[in-house]
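In this text, residue positions in the sequence shown follow UniProt numbering: the first is 1, and each later residue adds one.
See structure below.
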Amino acid sequence: MFYDHQQIEKKWQKYWEDNQTYKTSNNTDKPKFYVLDMFPYPSGAGLHVGHPLGYIASDIYARYKRHQGFNVLHPVGYDSFGLPAEQYAIQTGTHPAITTEQNITRYEQQLRKIGFSFDWSREVRTSDASYYKWTQWIFIELFNSWYNKDTDQAASIETLIKHFEEKGTEGVNANQNEELNFTAEEWKSASEIDKEDILLNYRLSFRAETTVNWCPALGTVLANDEIKDGKSERGGFPVFQKKMMQWSMRISAYSERLLQGLKTLDWPQPLKDSQEYWIGKSQGAQVRFLVDEQEANNQQATANNSIEVFTTRPDTIFGATFMVLAPENPLVENITTAEQKAEVDSYIEETSKKTERDRMADVKNVSGAFTGSYAINPFSGEKMPIYISDYVLMGYGTGAVMAVPAHDERDHRFAKKFNLEIKKVVENDEDVQEKSFDSKDSVCVNSGFLNGLNYNEAKSKIIAEIENKGIGHGTTNYRQRDAIFSRQRYWGEPVPIYYKEGMPYTLPTSALPLELPEVEKYLPTEDGDPPLGNAKTFAWDEANQKVVETDLIDNKTVFPLELSTMPGWAGSSWYFLRYMDPNNDEVFAKKELSDYWGQVDLYIGGSEHATGHLLYSRFWNMFLKDRGYINQDEPFQKLINQGMILGMSAFVYRIEGTNQFVSKNLINEHKTQAIHVDVSLLKGTSDELDTVAFKAWRPDYADAEFILEDGKYITGREVEKMSKSKYNVVNPDDICEEYGADGLRLYEMFLGPLEQSKPWNTQGLSGVYGFLKKFWNLHFNGEVFEVSDEEPTKAEYKVLHSLIKKVVYDIENFSFNTSVSSFMIAVNELQKLKCNKRNILEPLAVVISPYAPHICEELWSLMGKKESIEYVRFPILDEKYLEEDEIEYPISINGKTKFKISLSAQLSPKEVESLVLQNEKMEQILEGKTPKKIIVVPKRIVNIVI
């Protein structure tokens, strides 16, 4: 019978949509299970076959859990704010909302065509005002909260205000920008603006001067993951370090909780390691070094000039011979001498062209500039020259280090480059010796202070002495810094803030959403303001509580609104919660629903989100828990990073300076440049280029000439990341057309383990498609559908239950590739048995349906079922069908297998021994002798020693 996959798949996709088969109920007694894919960004290129890999895996698991009787939440939505749509708008003038809508429509068509069991009724889009209303609401909640270190959680800013009114700063233990000291009386007598300024020091969303990645060509701040090799990933424009007033999120307050929370999560260890490294917990001491006033001849130098450093090795302070500041450290301007100013300024300018990620990665090359000033070592009293260098980061510790070149590799390189003194600490410190980079020119500093102490004892003694001297204290430090939250872009969530006398105030929640205004152009204004500065209606009328025209701003009753927008990670940091109650206009999700759905039980997505998205989501989740809006500590309990599907790229080889192209095996005879070519220009499944199609592909190749081998142009081939820029993408629509969505789903799982990357090969689809046709034909006798009600044989039951056992194990262990192999084996065996028994084929359809839902729905329907197969209980394994009636025993004589004999599985070892000895072959071997020893391993082997 012909397997018409196109007709079948269209039929069932329409059925699922019409009947809302996958719509999830919030009112049920069933246990819940929440399966989620990482938020897709709808690009204009649409999906290629690499994108659905994780979606197929999560869909299989969601369907399996439905078969197990769970109430499954498996939603879909779009992370629909983003820089690509804005860049397209700048280039074409097309509003980002229009291109975003077009891209989403395209994505949705493709996703539906692959047959995913998403609850489409819960779809969310971060760019919809009904969604970002709640992103803005969360921002306001963060603004109106502070972090209480005593309770180790966020609390309402009102509790802090009350404390100030009663006690001032006395007893306040907060995560804050800087230490403040004032009395209750001073607080009460302060002006409203002064109070707001003070509170900004404590708020969880706050405004402060921050060093950012600034891209002048794009007119915006970029996140680290939006930069590659010092240039913007989008457009390849130069990126500079720049100090700007920016909104930030106080994620640093949650560093320890984010670190400890990892212990409770079932995540890949490399992903946990990435987060641990990013958080970067280290224990040591904060130490203050005074700047030598006589050397610091800058007029701004005062007796208060001192440099604070954080060090994990305070026990090496005797070996500190110079200091290094981050180029962007504010102290640099104060301590740089007039003679050194030009050199220092030049170095700062050079450093501004590097991102912090680049600076961290470049461990081999050291550079710097001398400030002309010196610091005093508080233990030796010696003067230490102060340098600046890009290997010190302002965001880690204090933006300054005491350099101990005998015991730190990079300090050692720096000392050698600038001919600085190198001192070891003590000869007999084993821990220091292991990390020593000293050479013949190093000097041993044996102070007598640390002699005979091990590393921990020395560290404790030094910290105690630092505290005794009043120059510092023991402390714990984290590499993670507060997250920059401003972007000078148009296409993002407006920040619900207006400014009065320079101080930020939040809009009332009743005014949300603050909608994105229309603008004539999407570039920064002539004055350098962000694109929202072009809006004609974007000011806040405080008296009438509404947005009004900007020309009404008088800074008395009408005030300017914030012109920056939120970063891309804002909306994606909490979207998993909105899916629980997506249409609620009163709250982001009812408490009873967030309690019911709780954590995401299974989260699947790419490892590229190891730090950014996952850390921010965990942070927002913990904050909302602190404030009592949800109950779960962590958002994602189990997480799987799927690998990539790689594309097979094709290359042509152009002779440099010409438009001549050389076939692959002749390139050694010429100096050539390899150029990616669209894989669709190859002939069939071969490596031969269709030269006519190639010449028509692009105008600059119209007059191409070819140097052929055996009359053909053979391309080079290479497995690479599947990417539109490499012209190696395969459109899933084409695969669905030729092999069906079920064929695509099965093949993507069949390619290999989910977590591994694997190359795509369209030729491999024919094997999977052949399996689907065999499975289909089990139900037909020629052109006639024919399923028997006859009781299956034990052999047929054995095939079915062996498959059930294997597939349950595979799905629960995410080994989807081996399940597909098992399907093929089972169908082949049933075909040999000529099995068309209902009691085999019905459960077989249920077992295969999570992987290939369309064909299974059709066969289920043909077998007379009126309802969808989706909610049928998964078949229960019955081990009795897997028991063997007979065992084939290998008979080993003196360690060598001589023959095999089939015996009943029910026989005792003594009975097996007796029957083996009676066997004709055994009698011939023994020739009347009595065996010295007989060992029967039940159901395995018989060993005989003669």
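The C-beta atom is built at its ideal place from N, Cα and C for all residues, glycine as well.
Three-state secondary structure (DSSP) of residue i
i: V332; result: helix
i: E339; result: helix
i: P875; result: coil
i: T302; result: Its pLDDT being 43, under 50, T302 is placed unreliably by the model, and the measurement read from it follows with that caveat. Three-state DSSP puts T302 in coil, outside helix and strand.
i: W278; result: helix
i: I946; result: coil
i: P75; result: strand
i: P385; result: strand
i: F370; result: strand
i: E196; result: helix
i: E17; result: helix
i: E927; result: coil
i: E518; result: coil
i: V309; result: strand
i: N148; result: strand
i: E226; result: helix
i: G632; result: The sequence shown places Gln at residue 632, rather than the Gly named in the question. Coil at Q632, not helix or strand.
i: R203; result: strand
Burial state of residue i (16 or more Cβ within 10 Å)
i: L561; result: buried
i: I645; result: buried
i: E427; result: Only weak support is given to the placement of E427: the predicted model assigns it a pLDDT of 48, under 50, and the value that follows is read from those uncertain coordinates. Its Cβ having fewer than 16 others within 10 Å, E427 is exposed.
i: S459; result: It is worth fixing the name first, because residue 459 is Lys in this sequence and not Ser. Buried, by the Cβ-count rule.
i: I935; result: exposed
i: E339; result: exposed
i: G452; result: exposed
i: K536; result: exposed
i: V432; result: With a pLDDT of only 43 at V432, under the threshold of 50, the placement of this residue in the model should not be trusted; the figure read from the coordinates follows. Buried: at least 16 other Cβ atoms inside 10 Å.
i: S486; result: buried
i: R698; result: exposed
Among the options, nearest to residue i - alpha-carbon criterion
i: L903; options: V872, V942, M648 and K383; result: V942
i: G46; options: H5, Q91, P84 and I104; result: I104
i: residue 959; options: D601, P513 and A696; result: Examination of residue 959 is not possible in this model, given that the chain is present from 1 through 946 alone.
i: Y3; options: Y254, Y889 and H854; result: H854
i: H5; options: V937, G767, E737 and A223; result: E737
i: G284; options: H473, A253 and Y387; result: H473
i: F379; options: G77, P314 and T685; result: P314
i: S600; options: I227, E256 and W267; result: The amino acid at residue 600 is misidentified as Ser; the sequence shows Val. If we check each option's Cα against that of V600, W267 comes out closest.
i: L512; options: T525, E501 and V495; result: V495
i: E883; options: I825, K798 and I140; result: K798
i: L577; options: W620, N148, A223 and T28; result: W620
i: P42; options: S205, I56, D79 and H613; result: D79
i: D626; options: E185, K469 and A253; result: A253
i: W776; options: E185, E870, P238 and N836; result: N836
i: L507; options: A543, Y522, Q632 and E518; result: A543
i: K521; options: I825, K896, Q91 and G770; result: Q91
i: P52; options: A154, I891 and R745; result: R745
Residues that DSSP places opposite residue i in a beta bridge
i: T506; result: I497
i: P84; result: In DSSP, P84 forms no bridge with anything.
i: T210; result: M244
i: V401; result: V324
i: N781; result: V784
i: C215; result: T220
i: R257; result: The partner list for R257 (beta bridge, DSSP) is empty, contrary to what the question assumes.
i: L512; result: Paired residue(s): none; L512 is not in a bridge.
i: N659; result: Bridge partners of N659: none, in fact.
Near the ligand FMN: residue i beta-carbon under 8 Å from a heavy atom
i: R698; result: This structure lacks the ligand FMN; in fact it carries no ligand of any kind.
Is the region 303 to 316 touching the region 275 to 292 in the sense that three or more CB pairs, one from each, lie closer than 8 Å?
In short, these stretches touch, since the Cβ pair count reaches three.
Using 8 Å as the threshold, is the region 646 to 654 in touch with the region 708 to 723, meaning 3 or more CB pairs across them?
Under the three-pair Cβ rule at 8 Å, the region 646 to 654 counts as touching the region 708 to 723.
On the three-pair Cβ rule with 8 Å, is the region 242 to 261 touching the region 191 to 211?
Output reads yes: the region 191 to 211 touches the region 242 to 261.
Touching by the beta-carbon criterion (3+ pairs, under 8 Å), the region 778 to 793 and the region 32 to 41
No, because fewer than three Cβ pairs between the region 778 to 793 and the region 32 to 41 fall closer than 8 Å, the two stretches do not touch.
Indicate whether the contact test is met: 3 or more Cβ pairs, each with one atom in the region 552 to 570 and one in the region 523 to 536, closer than 8 Å.
The count of Cβ pairs closer than 8 Å, one atom from the region 552 to 570 and one from the region 523 to 536, reaches three, so the stretches are in contact.
Assess contact between the region 161 to 171 and the region 186 to 196, defined as three or more Cβ pairs (one per stretch) separated by less than 8 Å. Is contact present?
Using a C-beta cut-off of 8 Å, the region 161 to 171 makes contact with the region 186 to 196, since at least three inter-stretch Cβ pairs fall below that distance.
Using 8 Å as the Cβ pair cut-off and three pairs as the minimum, do the region 64 to 76 and the region 757 to 772 touch?
No: the two stretches stay apart, fewer than three of their Cβ pairs being nearer than 8 Å.
Would you call the region 608 to 622 and the region 586 to 598 touching, i.e. three or more CB-CB distances under 8 Å?
With a cut-off of 8 Å, the region 586 to 598 and the region 608 to 622 do not count as touching, because too few Cβ pairs lie within range.
Using 8 Å as the Cβ pair cut-off and three pairs as the minimum, do the region 388 to 395 and the region 353 to 366 touch?
In short, these stretches touch, since the Cβ pair count reaches three.
Would the region 319 to 334 and the region 396 to 405 be scored as touching if the rule is three or more Cβ pairs under 8 Å?
Yes, they touch.
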